[in-house]
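Numbering (the numbering used here), first residue to last: 96 to 229. This report refers to the structure that appears directly beneath it.
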């Protein structure tokens with residue numbers, strides 16, 4: 096807890112207000128940040144303290160580790176939705192090299208739909224064959 100003590104004593108740090116150690120000034124809005132980690136004030140403040148300590152001690156997994164192409168953070172469905180909505184019609188731009196990293200993957204269902212219409216296809220065999228390769 097030495098780190099927390101140091102943070103509480105820093106004159107320019109807002110840590111003490113987010114952590115609930117001091118009454119915050121009227122101009123400081125802590126609701127947005129604390130609201131991201133919990134619904135109840137005391138619980139949010141405790142989670143904030145844990146977050147700061149973990150970050151300072153190096154025991155923190157950054158959400159940036161889960162970024163895709165260094166620009167879209169989210170699961171595969173979210174990335175696909177954002178890519179379709181905002182990036183599909185984008186021209187290749189050498190000033191935006193990360194756009195080149197975004198490649199649309201082919202879903203198993205689309206492969207199945209293409210293969211199932213081949214001559215001599217047996218629907219259940221094809222589907223099982225495709226799914227067994229996942």
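A virtual CB, placed ideally from N, CA and C, is assigned to each residue, including glycine.
- Where residue 124 is concerned, there is no enclosing alpha helix (DSSP H), because DSSP gives it neither an H nor an E.
- With 16 or more other CB atoms across the displayed protein chains lying within 10 angstroms of its CB, residue 129 is buried.
- By the Cβ-count criterion, residue 114 is buried, with 16 or more other Cβ atoms from all chains shown falling within 10 Å of its own Cβ.
- In the structure shown, the three-state DSSP call for residue 114 is coil.
- Only residues of its own chain outside the window of five on either side were considered, and among them 109, 112, 113, 119 have a CB closer than 8 Å to the CB of residue 125, listed in chain order.
- Ranking 121, 153, 144 by CA distance to the CA of residue 132 puts 144 first.
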